[in-house]
Every structure is written in C-alpha cells, then in structure tokens.
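Input: a single structure, listed below in structure tokens.
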Amino acid sequence: PEAEAVLTVTGLEAGYHGIPVVRGLDLQVRAGEVVALLGSNGAGKTTTLMTVAGLLAPLGGSISFDGESIGGVAAHRLARRGLSLVPEDRALFAELTVRENLRLARAKTGSERDVLDLLPELTKCLDRKAGLLSGGEQQMLAVGRALVTRPKLLVVDEMSLGLAPVVVERLLPVLRRVAVGFGTGVLVVEQHVTLALDVAERAYVLAHGRLVLSGTAAQLRDQPDLLTASYLGDA
Ligand code: ATP
Numbered sequence: 008p009e010a011e012a013v014l015t016v017t018g019l020e021a022g023y024h025g026i027p028v029v030r031g032l033d034l035q036v037r038a039g040e041v042v043a044l045l046g047s048n049g050a051g052k053t054t055t056l057m058t059v060a061g062l063l064a065p066l067g068g069s070i071s072f073d074g075e076s077i078g079g080v081a082a083h084r085l086a087r088r089g090l091s092l093v094p095e096d097r098a099l100f101a102e103l104t105v106r107e108n109l110r111l112a113r114a115k116t117g118s119e120r121d122v123l124d125l126l127p128e129l130t131k132c133l134d135r136k137a138g139l140l141s142g143g144e145q146q147m148l149a150v151g152r153a154l155v156t157r158p159k160l161l162v163v164d165e166m167s168l169g170l171a172p173v174v175v176e177r178l179l180p181v182l183r184r185v186a187v188g189f190g191t192g193v194l195v196v197e198q199h200v201t202l203a204l205d206v207a208e209r210a211y212v213l214a215h216g217r218l219v220l221s222g223t224a225a226q227l228r229d230q231p232d233l234l235t236a237s238y239l240g241d242a
C-alpha cells in the first residue's frame, strides 16, 4: 500500500499583493518519498515552496499537512509541527561552528546524533565555522540543521544554487537518504532536471505558474516535452 500523504496541495493560488503567480496547483508528497518541483525561471517554484512553508499566505485553494489544514499558518508554527524549510540562501550562522549551528536548531526533543549518522560528512567538520565550509558542505549543514527536529516534511529550495554540477551530483542523493532513513517526505525545487529525477520518485513541472507535467521520475525521463517545459540551460 502507498504511504500516507504528508502534504496535499489542492487548487493552490499563490502570489504577491493579491496577484497569483501560481494557479490551480495540485500536488502531493507522501512519507518517505522525494518529490521534485521543476520548471523554468519564474515558473513559480519558490513561490509554491514559500507558501507551503508558511512564509507566504495562500491566495486560494488548500494546503494540508499531516492531515490538518495549514493554509496561512506561520512558518515558525509549522516548523514546530514538523514542516522544515531549507531556504535557497541556506541561512546559516557563518561565525558559528557546524556543531553550534546544529545545536541552535535543536528543539527540546531533537538530537544531532541521528542527523550525523545520516550525514556522516558533517561529522568531520563539526568544529569548523560554517562560513568557512565549502558550498557543498554548507548545503549539507543546511539540510542537517533542518533535520535536527526530525521533520515529517522537508522542503528544500534550489540546493544546487552556486554549486558545481559535480557537487550537486553528490549532494542530491542525501535527500534520498533522508527520505529512506527518517521516513521524511521531501519536496525539492531543483534546476538540474536530470539529476533531480535520479533521486526523486515523482516530479511536477510548472510553467508560468501552472502544472504542465507530472508523473513518476521514470515516466518523466521518457517525456520528450520535459526538457522544453523545464528548460533551464544546464539540464
Ligand atoms: P527561479 O528558478 O527563477 O527562482 P521560480 O520558479 O522559483 O523561478 P518564483 O521565484 O516563484 O519562480 O517567481 C514566480 C513569479 O513571481 C515571477 O514572475 C517573479 O517575478 C514573481 N515574484 C517572485 N517574488 C516576488 C515578490 N516578492 N513580489 C512580486 N513578485 C514576485
């Protein structure tokens, strides 16, 4: 049987100043599954993630997380309920060490140990300042920090921003480890379409704020329209 949905988005309208840039979006993420959100620049991917994560109030439609309606619930409350966002800019404390960054994220019940077991790459840089890590290590830390509270849903914006493709190739499979190891549902926005489909079970493709394609990674890989629909230059 299929795992239960941790996130169900129905007919979502999302945008700015009352003007939707994302329209009629239906999307689902199940426990333990990696789902990629693809699409060209300006398609509405970040807007969708920010709305799901509670940083932007939805203009219409519904968002349900862990069986409860969350449209309009603030990000910090969602974080406490198990919806964790890894923002595009990573938002690390550059002057603090890896260990301190992880510790700050820890709620009463959280633990770094499980995260370090899952991301052993972080163990060897625990005492280094976050600002001095490589881009790939910083991104790993951003993911690790979001995982300290053992979220049910991890929402990841553009992991690969500013990273070399070879680094992205090593980094993206971390999301699969998270989904399998913690049973977390993962929703990830990614520019590298083919790399994203290597780690995602399913994907949705947005163009101009509307869903134009969706399916399993295998189905989408065989779609001749895919790269045109989500063309970003380096896929
Ligand atoms: P990219 O890959 O370039 O980040 P994206 O798919 O994430 O693209 P969004 O960032 O969601 O796209 O942008 C969707 C649309 O919303 C764009 O037309 C953009 O100009 C607009 N937009 C984004 N942020 C704002 C904002 N703060 N205020 C008004 N419009 C915005």
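Per the UniProt record's numbering, the very first residue in the sequence shown carries number 8; after that it's consecutive. Where a beta carbon is used, it is the ideal one built from N, C-alpha and C, also for glycine. Source: prediction; values computed, not measured.
- The segment 61-76 and the segment 97-107 do not touch, with fewer than 3 CB-CB distances between them shorter than 8 angstroms.
- The DSSP assignment places 90-93 and 160-164 as complete runs of the beta strand (DSSP E) inside the segment 82-166, in order along the chain (cut-off: 3 residues).
- The beta carbon of A50 sits closer than 7 angstroms to at least one heavy atom of ligand 1.
- Counting every other CB atom within 10 Å of its CB across the protein chains shown gives P231 a total below 16, marking it as exposed.
- The beta carbons of D33 and L218 sit closer together than 8 angstroms.
- Fully contained in the segment 25-54 is no alpha helix (DSSP H) run of length 4 or more.
- Straight across, the Cα-Cα distance linking V41 with L182 is about 7 angstroms.
- With contacts defined by Cβ atoms closer than 8 angstroms, L44 and V195 form a contacting pair.
- For T191 and A210, the gap between their C-alpha atoms comes out near 16 angstroms.
- Under the three-state reduction of DSSP, A12 is assigned to strand.
- T156 and G46 have their alpha carbons spaced roughly 30 angstroms apart.
- Remark: C-beta atoms of V59 and L125 do not approach each other more closely than 8 angstroms.
- At a cut-off of 7 angstroms, the beta-carbon of V200 does not count as near ligand 1: no heavy atom of the ligand is closer than that.
- The criterion of a C-beta distance shorter than 8 angstroms is not satisfied by R97 and A153.
- Within the same chain, Cβ atoms closer than 6 angstroms to the Cβ of V163 are found at V93 and V195, the five residues on either side in sequence being excluded.
- Closest by C-alpha distance to A21, out of R228, F189, K52 and A10, is K52.
- Nearest Cα to A186 within the set I26, V36 and E197: V36.
- In the DSSP assignment, T201 falls within the alpha helix (DSSP H) that extends over V200 to V206.
- Rounded to the nearest whole angstrom, the C-alpha separation of D229 and Q198 is 18 angstroms.
- For V163, the distance from the CB to the nearest heavy atom of ligand 1 is not below 7 angstroms.
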